[in-house]
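Read the structure below first, then the notes.
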Ligand SMILES: [Zn+2]
Ligand SMILES: [Zn+2]
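In the numbering used here, the protein residues as written are 14 to 121.
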């Protein structure tokens, strides 16, 4: 079974920390998480092409609200007014930037 977050919290003004029920801890930088949004406004549904450009995401971006959706995702409302982003736990786990996860994904 896939891991689920046991705790989601803001870490200072720039990061979000998720503690998973398998003990793993993920720390995401706010702009990276905002950029990874896969909603229909950010990603073209039919082609999968990302509409949002990385430079469109301000460094000061931060969540104003984080809400669990069912038992599979987190909805994040951002201070740029974007509120349609739903991040599934699987997606969040894939986005984890820690060394262990990067190694598993074969990223430098
Ligand atoms: Zn979005
Ligand atoms: Zn990780």
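Note that beta-carbon positions come from the ideal geometry of N, C-alpha and C, so glycine has one too.
Nearest neighbour of residue i, chosen from the options [CA to CA]
i	options	result
residue 83	22, 102 and 40	102
residue 73	43, 49 and 106	43
residue 91	115, 76 and 80	76
residue 36	16, 86 and 89	16
Span separating the alpha-carbon of residue i from that of residue j
i	j	result
residue 21	residue 111	16 Å
residue 66	residue 48	8 Å
residue 93	residue 70	9 Å
Any non-hydrogen atom of ligand 1 within 7 Å of residue i CB
i	result
residue 98	yes
residue 50	yes
Extent of the continuous alpha helix (DSSP H) run through residue i
i	result
residue 108	102-108
residue 44	43-48
Which runs of the beta strand (DSSP E) at least 3 residues long sit entirely within the segment 17-79? Give them in chain order.
Within the segment 17-79, the complete beta strand (DSSP E) segments at least 3 residues long are 18-24, 28-33 and 38-42, listed from N- to C-terminus.
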